[in-house]
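Scroll down for the structure; my scribbles are underneath it.
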Amino acid sequence: MNLDAMYQEIILDHYKNPHGRGLREPFDGESYQVNPTCGDELQLRVRLDGEQVADVSYTGQGCSISQASASVLTDLVVGRSVDEALSKLAAFTELVKGRGKVEPDEDVLEDGVAFAGVAKYPARVKCALLGWMAFKAALVQAGVDKAREGAEIS
Amino acid sequence: MNLDAMYQEIILDHYKNPHGRGLREPFDGESYQVNPTCGDELQLRVRLDGEQVADVSYTGQGCSISQASASVLTDLVVGRSVDEALSKLAAFTELVKGRGKVEPDEDVLEDGVAFAGVAKYPARVKCALLGWMAFKAALVQAGVDKAREGAEIS
Amino acid sequence: MTATPLRAALDVAAVRGDFPILTRTVRDGKPLIYLDSGATSQRPRQVLEAERAYVERSNSAVHRGAHQLAEEATDAYEHARERVAAFVGVQPGEVVFTKNATEGVNLVAYAMSNAATAGKEAERFRVGEGDEIVVTEMEHHANLVPWQQLCQRTGATLRWFGVTDDGRLDLSDIDTLITERTKVVAFTHQSNVLGTVNDPAPLVERARRVGALTVLDACQSVPHQPVNLRELGADFAVFSGHKMLGPSGVGVLYGRRELLEAMPPFLTGGSMIETVTMERSTFAPPPQRFEAGVPMTSQTVGLGAAVDYLTKIGMGAVAEHEKQLTEAALSALGEIDGVRIVGPTTADSRGAAVSFVVDGIHPHDVGQVLDSLGIAVRVGHHCAWPLHRRMGIPASVRASFYLYNSVHEVEALAAGVREAQRFFGVGK
Amino acid sequence: MTATPLRAALDVAAVRGDFPILTRTVRDGKPLIYLDSGATSQRPRQVLEAERAYVERSNSAVHRGAHQLAEEATDAYEHARERVAAFVGVQPGEVVFTKNATEGVNLVAYAMSNAATAGKEAERFRVGEGDEIVVTEMEHHANLVPWQQLCQRTGATLRWFGVTDDGRLDLSDIDTLITERTKVVAFTHQSNVLGTVNDPAPLVERARRVGALTVLDACQSVPHQPVNLRELGADFAVFSGHKMLGPSGVGVLYGRRELLEAMPPFLTGGSMIETVTMERSTFAPPPQRFEAGVPMTSQTVGLGAAVDYLTKIGMGAVAEHEKQLTEAALSALGEIDGVRIVGPTTADSRGAAVSFVVDGIHPHDVGQVLDSLGIAVRVGHHCAWPLHRRMGIPASVRASFYLYNSVHEVEALAAGVREAQRFFGVGK
Ligand SMILES: Cc1ncc(COP(=O)(O)O)c(C=O)c1O
Ligand SMILES: Cc1ncc(COP(=O)(O)O)c(C=O)c1O
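Chains as they are written, first to last, in the working numbering: chain Y, 1 to 154; chain A, 155 to 308; chain C, 309 to 736; chain U, 737 to 1164.
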């Protein structure tokens, strides 16, 4: 195995210098997610401004993958419309669940493409999705229609 | 397998013409035993006269082995002292649990030696012991000390 | 255009070649004639090899590790779940692995009494005094005693459908038996004694109308005929790996997704939790919620291989083959004076468990004679004691057929019964 | 005369030759270094062959048939029970086969809530409001959550012993924790995280004095050291086949005979009954009473072979070998700057599960680096979440050793940890 394929520079950078970390007020939806096998946890808040994701703030502890993924998440969705954010969520989910067989679209996923290597390690998929599950649940709490959730994450 | 080794003439005779069958009064102890896998059942009463087994009476339904064994039982124990009866019980139990490796003593077991063939079929051991278990339980009910029970039957 | 129903071609000789045990002899050199698949079936080489390959290559704890073996083990386990689910027409998330079907029924029954102290989402599982559980008189103890015990724990009342003299379910009082008070209707798809195949439709419909849950005992149907649990419509169903060419130690509980999602856990411990503190725990979503502890991993891999094997042969072909054997057995045994079939005497809506009694010879003794000829049948009440009582017999002899049995073996059975009559001097 | 304690000779190379999986490679050709036996152990050829021989020759339903296969199967099953019983110093009738240790704990916990509606003989198992169940903070979820749930069902209260900073059980408040109110004291013999070996004596004695039942989690002790359950004196104990070279899907509940005899059933169905009518059932004596349905037959045969294998090598030799590995690991890991052992740092009263954290690297990431080197460890909370919280860490890396591991593998582990530090740029 090539460790570098999984722990790409981008991931380690986000891990060491996470973007958007911290819990901020006000917020419209909040979610606490935990990975039951390893105890990683993430608390995430989302603030909406009409149809727009105005802010995502979070705290938690966990492995490099789960923390970097949350950091990348904020880059990808903050400032976007809810629909755009949901389609990023769908694309990211498809990528990391793809067992390394999904070709990521850099235009959509930006730094998220770095998680292509993680997709080859099914045990780490939950880590990579922890923040995204929290984001989805927080959106629902903020009143976003369940039917709009986009790709299923679980 | 030699069927005749299991179903010896003696056994078939007892099966067709059981000795001591029927439930009689008075009695000092009674027991109902059932073989949970095949549903064979036996109800048995014992009447004591001091230290002597005055009568054993029984009814029930079941296979040739269980019915013949109860019949042989009455021959062996009625009219004997409780101690003698218990030692027959011990000898019979040893024989049928012996997997065909126990040489029966005809002086002690009389017609009971015919069950040597049954001993080779572990699934039938319970059949052969059904009446004897009932006898033992009835004796206990009749006030015979548990400590005197002799060989464990189970 | 006329549809020509194909007599599906099942090559018995080829099938038998896959089952190592069928080449052995018993009782001083008699070829084994195994007619006890209703109790447990044999495992083909393909199942043994799948299990062994897993153990020699990927064996490790599933859902618990981040190393390569754990990944492979988890994949193997979940892949087996997918195939088992597809085999019975349901979603993988609706398949819970248990140790046997018995555990599956107990799981539902205990989850229902656990609902008393669980959260609001579990409300629809609650039972108590005044509530009723409905079963049938033809149930295996596995689908009867757990419901008796549920009644004992909760104060609910057990009621049951009777059986007709010819061994069919008597549904004449369905509207008075299944009422607004009914919480569960539990019944067998196929009787392990009578062979009777019950149509779930009227029971499922009536239960649905009154808001009762249905639990289908599919132990004797899933191995022997094409079964689509979704189409049958039952809320829950159970079956066992060891009766369908798979390993012992693994069974399946199917539950409709929304029900499993609301149902409280049964066995608790590792792998089924979400969070745990000393004070309290929360639980994982199904199916994990119902799979506490390290599971029977290699056994599920074996079950997956069994399902593949059956799929390749085709369940239609299996059912067709068994129908031929059943017809042959009903006719060969029916011809013998003094033999009485316990259950339907034609092969319509009937599986390949053929039980019978022989006048003047106790079933145990019939079985012994057959055994001496190398023929393995089951004798006793086959864990359906109330049914035997209903049929007026203490016990019976049961021959149960599977895809590896041949008409020749059916004939040997009939000859063996005649031999028993000769030996015990009954019949003509 | 001075007794010279022999360093028991265990020939690791010879042992390894018995385990097919240990010859495989992972992650692009790296030899497998399997340090996850605390989760599940590997199975030697002897176990695989015993199981296969059974399936290819005698496979059939136990305790249910009168034919030769059924006889052989029953013998094989009961013979396995005898050997397992002898292995832990108890009577065969005191050994109940379950699917895993988790089921064993649940069995006792459910039997206790079932006692509420069972007969008078079950009185001593009853629990209710005002009663207390005592556990410890170092329990595996399997010996914690079932007791939480028992409390939830019955209204009893859960209390627990704490853990000291160096990972030992804190018994200082034993007299205020175990009181006349205590119904059960459930505790682990050997922690699956800390490696700590607990002395059952003070807990068993105190529990006995107040009339409480003791339940010993022997999952991590029975596979790794000589254990005589009778001598330890616990009322119940559980362990799992898959952690002691045996198959998955089989576990053991030991219970003192007189207790099993009085205890109400848990799972109900076939093979555990005495009589069944539609109205009510009575139950078989133990151990059958607690083994409902067709059991995991071939798996018990495999477990019997595992016990034979361990006996031949000698549990003393196994323990001695593991002690060497533990000492080597504690010393090699202890030397690394930034590595903290979670649990006792010497090998006294300590088993071969060695958990640790590495400053600046999450356990998951440490595990990933080790995995890339072919080293299989476990990361996470190892089903002991409250213990991790107590130790002030969210998760840890656990290396767990068994008889087939070598000192060379311990060294590879330490080198792997250094490599993780290098890769993540922490440590010096
Ligand atoms: C200490 C301890 N107790 C209980 C268990 C549960 O065992 P199983 O999952 O085999 O039921 C384990 C292993 O997972 C363990 O290590
Ligand atoms: C109809 C039926 N239900 C339930 C069972 C119980 O299955 P198991 O013993 O595998 O749990 C059986 C088989 O024994 C059966 O034939």
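C-beta atoms are modelled at their ideal positions from N, C-alpha and C, and glycine is treated no differently.
Near ligand 2: residue i beta-carbon under 7 Å from a heavy atom
{"i": "Arg550 of chain C", "result": "First, the amino acid is wrong: residue 550 of chain C is His here, not Arg. Indeed, a heavy atom of ligand 2 lies less than 7 Å from the Cβ."}
{"i": "Gln528 of chain C", "result": "yes"}
{"i": "His629 of chain C", "result": "no"}
{"i": "Val650 of chain C", "result": "no"}
{"i": "Asn451 of chain C", "result": "yes"}
{"i": "Ala822 of chain U", "result": "no"}
{"i": "Ala409 of chain C", "result": "yes"}
{"i": "Gly79 of chain Y", "result": "no"}
{"i": "Gly475 of chain C", "result": "no"}
{"i": "Gly866 of chain U", "result": "no"}
{"i": "His448 of chain C", "result": "yes"}
{"i": "Gly622 of chain C", "result": "no"}
Minimum Cβ-Cβ distance from residue i to chain U less than 8 Å
{"i": "Glu364 of chain C", "result": "yes"}
{"i": "Tyr161 of chain A", "result": "no"}
{"i": "Tyr169 of chain A", "result": "no"}
{"i": "Pro18 of chain Y", "result": "no"}
{"i": "Val250 of chain A", "result": "no"}
{"i": "Val188 of chain A", "result": "yes"}
Cβ-heavy atom distance, residue i to ligand 1, below 7 Å
{"i": "Cys1119 of chain U", "result": "yes"}
{"i": "Gly373 of chain C", "result": "no"}
{"i": "Gly953 of chain U", "result": "The question names Gly, yet the displayed sequence has Asp at residue 953 of chain U. Under cutoff, so the answer is yes."}
{"i": "His815 of chain U", "result": "no"}
{"i": "Asn500 of chain C", "result": "no"}
{"i": "Val602 of chain C", "result": "yes"}
{"i": "Ala774 of chain U", "result": "A small correction: the amino acid at residue 774 of chain U is Gly; Ala does not occupy that position in the sequence shown. Yes, the beta carbon of Gly774 of chain U sits closer than 7 Å to at least one heavy atom of ligand 1."}
{"i": "His168 of chain A", "result": "no"}
{"i": "Gly578 of chain C", "result": "yes"}
{"i": "Thr608 of chain C", "result": "no"}
Boundaries of the alpha helix (DSSP H) in which residue i is found, first to last residue
{"i": "Ile10 of chain Y", "result": "9–16"}
{"i": "Tyr58 of chain Y", "result": "From DSSP, Tyr58 of chain Y is part of no alpha helix (DSSP H) but of the beta strand (DSSP E) over 52–61."}
{"i": "Leu293 of chain A", "result": "276–295"}
Chain C contact for residue i (CB, 8 Å cutoff)
{"i": "Ser235 of chain A", "result": "no"}
{"i": "Ala123 of chain Y", "result": "yes"}
{"i": "Val56 of chain Y", "result": "no"}
{"i": "Pro959 of chain U", "result": "no"}
{"i": "Gly254 of chain A", "result": "no"}
{"i": "Thr37 of chain Y", "result": "yes"}
{"i": "Glu152 of chain Y", "result": "Note that Glu152 of chain Y scores 45 on pLDDT, short of 50, meaning its location in the model is unreliable and no value can be drawn from it."}
Where the beta strand (DSSP E) through residue i begins and ends
{"i": "Phe544 of chain C", "result": "544–548"}
{"i": "Ala661 of chain C", "result": "661–666"}
{"i": "Val34 of chain Y", "result": "29–34"}
{"i": "Ser284 of chain C", "result": "Not covered by the structure: residue 284 of chain C. The range shown for chain C is 309 to 736."}
{"i": "Gly688 of chain C", "result": "686–688"}
{"i": "Gln43 of chain Y", "result": "41–49"}
{"i": "Leu561 of chain C", "result": "559–563"}
{"i": "Arg706 of chain C", "result": "704–708"}
Proximity test, Cβ basis, 8 Å: residue i and chain Y
{"i": "Arg372 of chain C", "result": "yes"}
{"i": "Pro882 of chain U", "result": "no"}
Neighbour flag for residue i against chain A, beta carbons, 8 Å
{"i": "Glu1010 of chain U", "result": "yes"}
{"i": "Ala806 of chain U", "result": "yes"}
{"i": "Asp935 of chain U", "result": "no"}
{"i": "Ala661 of chain C", "result": "no"}
Suppose only complete runs of 4+ residues qualify. What are the alpha helix (DSSP H) ranges in the region 229–263 of chain A, listed by chain order? Along the length of the region 229–263 of chain A, whole alpha helix (DSSP H) runs at least 4 residues long occupy 236–250, 260–263, reported in chain order.
Fully enclosed by the region 813–889 of chain U, which alpha helix (DSSP H) runs are 4 residues long or longer? With a minimum length of 4 residues, the continuous alpha helix (DSSP H) runs that stay inside the region 813–889 of chain U are 837–850.
Tell me the start and end of each unbroken beta strand (DSSP E) in the region 575–660 of chain C that is at least 3 residues and wholly inside, in chain order. 581–584, 589–591, 647–650
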